[in-house]
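In this note's numbering, the protein residues as written are 2 to 247. A virtual CB, placed ideally from N, CA and C, is assigned to each residue, including glycine. Each remark here refers to the structure printed beneath this line.
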(Lines of atoms letter the chains of each structure in order from A and count residues from 1; the text may use other names and numbers.)
(Lines give C-alpha, C1' and ligand atoms only; values in the text may rest on other atoms or scores of the structure.)
Protein backbone atom coordinates (compact mmCIF):
# COMPACT_ATOMS: atom_id res chain seq x y z
CA UNK A 1 0.00 0.00 0.00
CA UNK A 2 2.84 2.39 0.85
CA UNK A 3 4.25 2.00 -2.66
CA UNK A 4 0.88 2.80 -4.24
CA UNK A 5 0.32 5.76 -1.94
CA UNK A 6 3.62 7.33 -3.03
CA UNK A 7 1.92 8.60 -6.18
CA UNK A 8 -0.55 10.56 -4.06
CA UNK A 9 2.10 12.50 -2.16
CA UNK A 10 3.14 16.01 -3.20
CA UNK A 11 6.46 16.03 -5.04
CA UNK A 12 9.30 18.53 -4.87
CA UNK A 13 12.92 18.85 -5.99
CA UNK A 14 15.86 19.92 -3.85
CA UNK A 15 19.59 20.26 -4.55
CA UNK A 16 20.76 19.90 -0.97
CA UNK A 17 19.81 16.59 0.61
CA UNK A 18 21.07 16.09 4.18
CA UNK A 19 19.69 14.49 7.34
CA UNK A 20 16.94 17.08 7.07
CA UNK A 21 15.64 18.63 3.87
CA UNK A 22 14.74 22.31 3.70
CA UNK A 23 12.40 23.59 1.01
CA UNK A 24 12.29 27.34 0.40
CA UNK A 25 10.89 29.85 -2.09
CA UNK A 26 7.74 29.23 -4.10
CA UNK A 27 7.62 25.55 -3.15
CA UNK A 28 7.60 26.41 0.56
CA UNK A 29 4.77 28.86 -0.04
CA UNK A 30 2.90 26.17 -1.96
CA UNK A 31 3.37 23.67 0.89
CA UNK A 32 2.16 26.13 3.52
CA UNK A 33 -0.47 28.24 1.79
CA UNK A 34 -1.89 26.00 -0.96
CA UNK A 35 -1.44 22.40 0.18
CA UNK A 36 -1.75 23.45 3.85
CA UNK A 37 0.41 20.51 4.87
CA UNK A 38 0.54 19.68 8.55
CA UNK A 39 3.45 18.19 10.56
CA UNK A 40 3.64 14.47 9.95
CA UNK A 41 2.21 14.59 6.43
CA UNK A 42 4.35 13.02 3.73
CA UNK A 43 5.94 14.21 0.51
CA UNK A 44 8.41 12.90 -2.05
CA UNK A 45 11.53 15.02 -2.49
CA UNK A 46 13.91 14.23 -5.36
CA UNK A 47 17.58 15.21 -5.52
CA UNK A 48 17.34 15.92 -9.31
CA UNK A 49 19.77 13.05 -9.88
CA UNK A 50 17.26 10.20 -9.92
CA UNK A 51 16.84 9.41 -6.21
CA UNK A 52 13.51 9.88 -4.42
CA UNK A 53 13.23 10.53 -0.69
CA UNK A 54 10.03 9.76 1.19
CA UNK A 55 9.79 12.51 3.80
CA UNK A 56 7.66 13.66 6.70
CA UNK A 57 7.00 17.35 7.31
CA UNK A 58 8.44 18.71 10.57
CA UNK A 59 7.18 22.28 10.28
CA UNK A 60 6.48 24.92 7.66
CA UNK A 61 5.70 28.56 7.08
CA UNK A 62 5.33 30.54 3.85
CA UNK A 63 9.11 30.85 3.43
CA UNK A 64 10.51 27.58 4.74
CA UNK A 65 9.49 23.92 5.11
CA UNK A 66 11.59 21.34 6.94
CA UNK A 67 11.29 17.60 6.28
CA UNK A 68 12.71 14.46 7.88
CA UNK A 69 13.75 11.55 5.64
CA UNK A 70 11.87 8.28 6.13
CA UNK A 71 13.14 6.29 3.15
CA UNK A 72 15.01 6.64 -0.14
CA UNK A 73 15.07 4.69 -3.38
CA UNK A 74 15.89 5.16 -7.07
CA UNK A 75 13.26 7.00 -9.04
CA UNK A 76 11.35 4.52 -11.19
CA UNK A 77 10.06 6.95 -13.82
CA UNK A 78 13.26 7.68 -15.73
CA UNK A 79 13.78 5.86 -19.06
CA UNK A 80 17.00 3.94 -19.67
CA UNK A 81 17.70 6.03 -22.78
CA UNK A 82 18.53 9.71 -23.16
CA UNK A 83 16.31 11.51 -25.64
CA UNK A 84 16.79 15.17 -26.50
CA UNK A 85 14.02 16.85 -28.45
CA UNK A 86 15.21 19.41 -30.99
CA UNK A 87 12.16 21.49 -31.85
CA UNK A 88 11.92 24.11 -34.59
CA UNK A 89 10.31 27.17 -33.01
CA UNK A 90 6.56 27.27 -33.73
CA UNK A 91 4.18 30.20 -33.66
CA UNK A 92 2.24 31.40 -30.62
CA UNK A 93 2.61 29.50 -27.35
CA UNK A 94 2.82 26.02 -28.91
CA UNK A 95 6.33 25.55 -27.55
CA UNK A 96 4.93 25.67 -24.02
CA UNK A 97 2.76 22.65 -24.76
CA UNK A 98 5.56 20.80 -26.54
CA UNK A 99 8.00 21.29 -23.66
CA UNK A 100 5.44 20.13 -21.12
CA UNK A 101 4.61 16.95 -23.03
CA UNK A 102 8.26 16.20 -23.81
CA UNK A 103 8.90 16.27 -20.07
CA UNK A 104 6.01 13.91 -19.39
CA UNK A 105 7.27 11.52 -22.07
CA UNK A 106 10.79 11.29 -20.65
CA UNK A 107 12.96 13.66 -22.70
CA UNK A 108 16.13 14.74 -20.88
CA UNK A 109 16.33 18.10 -22.69
CA UNK A 110 14.62 20.28 -25.26
CA UNK A 111 16.57 22.44 -27.71
CA UNK A 112 14.55 25.08 -29.60
CA UNK A 113 16.05 26.03 -32.96
CA UNK A 114 15.33 28.25 -35.93
CA UNK A 115 14.96 26.51 -39.30
CA UNK A 116 14.36 27.95 -42.76
CA UNK A 117 10.58 27.61 -42.56
CA UNK A 118 10.12 29.00 -39.05
CA UNK A 119 7.62 31.86 -39.05
CA UNK A 120 8.42 32.73 -35.45
CA UNK A 121 11.91 34.22 -35.17
CA UNK A 122 12.27 35.71 -31.69
CA UNK A 123 15.15 38.07 -30.98
CA UNK A 124 17.70 37.33 -28.26
CA UNK A 125 15.79 39.26 -25.59
CA UNK A 126 12.58 37.38 -26.37
CA UNK A 127 14.48 34.07 -26.39
CA UNK A 128 15.87 34.72 -22.91
CA UNK A 129 12.41 35.52 -21.60
CA UNK A 130 10.90 32.44 -23.25
CA UNK A 131 13.72 30.25 -21.92
CA UNK A 132 13.00 31.23 -18.33
CA UNK A 133 9.31 30.41 -18.72
CA UNK A 134 9.98 27.14 -20.54
CA UNK A 135 12.32 25.91 -17.82
CA UNK A 136 9.64 26.68 -15.25
CA UNK A 137 7.24 24.56 -17.29
CA UNK A 138 9.63 21.59 -17.26
CA UNK A 139 10.03 21.97 -13.50
CA UNK A 140 6.29 21.88 -12.86
CA UNK A 141 5.74 19.07 -15.37
CA UNK A 142 8.53 16.99 -13.82
CA UNK A 143 6.89 17.33 -10.40
CA UNK A 144 3.49 16.40 -11.76
CA UNK A 145 4.54 13.29 -13.66
CA UNK A 146 7.02 11.88 -11.12
CA UNK A 147 10.31 12.44 -12.94
CA UNK A 148 13.62 11.91 -11.19
CA UNK A 149 15.36 14.70 -13.10
CA UNK A 150 14.24 18.06 -14.46
CA UNK A 151 14.73 18.31 -18.24
CA UNK A 152 16.63 21.42 -19.30
CA UNK A 153 15.40 23.70 -22.05
CA UNK A 154 18.61 24.77 -23.76
CA UNK A 155 19.32 28.17 -25.35
CA UNK A 156 17.78 28.81 -28.76
CA UNK A 157 20.04 27.96 -31.68
CA UNK A 158 19.88 27.46 -35.47
CA UNK A 159 19.32 24.24 -37.41
CA UNK A 160 22.88 23.67 -38.62
CA UNK A 161 24.39 24.33 -35.21
CA UNK A 162 21.88 21.94 -33.66
CA UNK A 163 22.76 19.16 -36.11
CA UNK A 164 26.49 19.76 -35.67
CA UNK A 165 26.19 19.59 -31.86
CA UNK A 166 25.46 15.85 -31.78
CA UNK A 167 28.20 13.52 -30.63
CA UNK A 168 29.09 10.21 -32.25
CA UNK A 169 27.15 8.19 -29.67
CA UNK A 170 23.85 9.90 -30.45
CA UNK A 171 21.39 8.59 -33.03
CA UNK A 172 20.01 11.58 -34.89
CA UNK A 173 16.43 11.25 -36.17
CA UNK A 174 14.82 13.86 -38.39
CA UNK A 175 11.12 13.68 -39.22
CA UNK A 176 10.25 14.58 -42.80
CA UNK A 177 6.74 14.28 -44.17
CA UNK A 178 7.94 13.85 -47.76
CA UNK A 179 10.20 10.86 -47.20
CA UNK A 180 11.61 8.56 -44.56
CA UNK A 181 10.99 5.21 -42.94
CA UNK A 182 8.84 4.13 -40.01
CA UNK A 183 10.44 4.93 -36.68
CA UNK A 184 10.29 1.26 -35.70
CA UNK A 185 13.19 0.67 -38.10
CA UNK A 186 15.60 2.87 -36.12
CA UNK A 187 18.38 1.30 -34.04
CA UNK A 188 16.72 0.49 -30.71
CA UNK A 189 19.95 -0.60 -29.02
CA UNK A 190 21.36 2.92 -28.73
CA UNK A 191 21.35 4.83 -25.45
CA UNK A 192 21.16 8.39 -26.79
CA UNK A 193 18.79 9.85 -29.36
CA UNK A 194 18.21 13.30 -30.82
CA UNK A 195 14.73 13.83 -32.28
CA UNK A 196 14.37 16.72 -34.77
CA UNK A 197 10.88 18.08 -35.43
CA UNK A 198 10.07 20.93 -37.82
CA UNK A 199 7.84 23.95 -37.33
CA UNK A 200 4.48 24.50 -39.06
CA UNK A 201 6.04 24.26 -42.54
CA UNK A 202 8.27 21.28 -41.80
CA UNK A 203 11.83 21.08 -43.11
CA UNK A 204 13.25 22.11 -46.45
CA UNK A 205 14.84 19.30 -48.44
CA UNK A 206 18.26 20.95 -48.17
CA UNK A 207 18.01 20.73 -44.38
CA UNK A 208 17.08 17.06 -44.52
CA UNK A 209 19.95 16.43 -46.93
CA UNK A 210 22.34 18.11 -44.52
CA UNK A 211 21.09 15.93 -41.67
CA UNK A 212 21.53 12.83 -43.87
CA UNK A 213 25.12 13.88 -44.61
CA UNK A 214 25.68 13.79 -40.84
CA UNK A 215 24.33 10.26 -40.55
CA UNK A 216 20.76 11.00 -39.49
CA UNK A 217 17.92 8.50 -39.76
CA UNK A 218 15.03 10.04 -41.74
CA UNK A 219 11.67 9.03 -40.32
CA UNK A 220 8.01 9.74 -40.94
CA UNK A 221 4.86 9.44 -38.84
CA UNK A 222 2.53 7.96 -41.41
CA UNK A 223 0.37 9.34 -44.19
CA UNK A 224 -1.48 11.90 -42.08
CA UNK A 225 0.22 15.27 -41.67
CA UNK A 226 0.47 16.05 -37.96
CA UNK A 227 0.57 19.52 -36.50
CA UNK A 228 3.96 20.67 -35.27
CA UNK A 229 2.77 20.37 -31.66
CA UNK A 230 1.39 16.85 -32.24
CA UNK A 231 4.41 15.43 -34.06
CA UNK A 232 6.88 15.58 -31.13
CA UNK A 233 4.36 13.92 -28.81
CA UNK A 234 3.80 11.10 -31.31
CA UNK A 235 7.52 10.72 -32.06
CA UNK A 236 8.59 10.59 -28.42
CA UNK A 237 5.80 8.20 -27.50
CA UNK A 238 6.71 5.81 -30.32
CA UNK A 239 10.43 5.96 -29.52
CA UNK A 240 9.81 5.31 -25.83
CA UNK A 241 7.54 2.40 -26.75
CA UNK A 242 9.87 0.66 -29.18
CA UNK A 243 12.76 0.96 -26.70
CA UNK A 244 10.51 -0.51 -23.97
CA UNK A 245 10.38 2.69 -21.96
CA UNK A 246 6.64 3.22 -22.19
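Helix, strand or coil, according to DSSP, for residue i in the structure here?
i	result
residue 83	strand
residue 233	helix
residue 238	helix
residue 219	strand
residue 154	strand
residue 199	coil
residue 169	coil
residue 2	With a pLDDT of only 38 at residue 2, under 50, the local geometry of the prediction cannot be trusted, and the value read off the model is given with reservation. In the structure shown, residue 2 sits in coil (DSSP, three-state: anything other than H, G, I, E or B).
residue 226	coil
residue 95	helix
residue 18	coil
residue 78	coil
Quick check on residue i: buried or exposed, where buried means 16 or more other Cβ atoms within 10 Å of its Cβ?
i	result
residue 208	buried
residue 223	exposed
residue 75	exposed
residue 226	exposed
residue 107	buried
residue 131	buried
residue 35	exposed
residue 120	exposed
residue 179	exposed
**Asked** Is the number of C-beta pairs between the segment 41-56 and the segment 140-152 that are closer than 8 Å three or more?
**Response** yes
**Asked** Taking three-plus beta-carbon pairs below 8 Å as touching, is the segment 82-89 in contact with the segment 193-201?
**Response** yes
**Asked** For the 8 Å Cβ check, are there 3 or more pairs between the segment 93-109 and the segment 121-135?
**Response** yes
**At least 3 beta-carbon pairs within less than 8 Å: the segment 152-163 vs the segment 173-191** = no
**Prompt:** Three or more C-beta pairs closer than 8 Å, one from the segment 66-85 and one from the segment 121-129: is that the case here?
**Reply:** no
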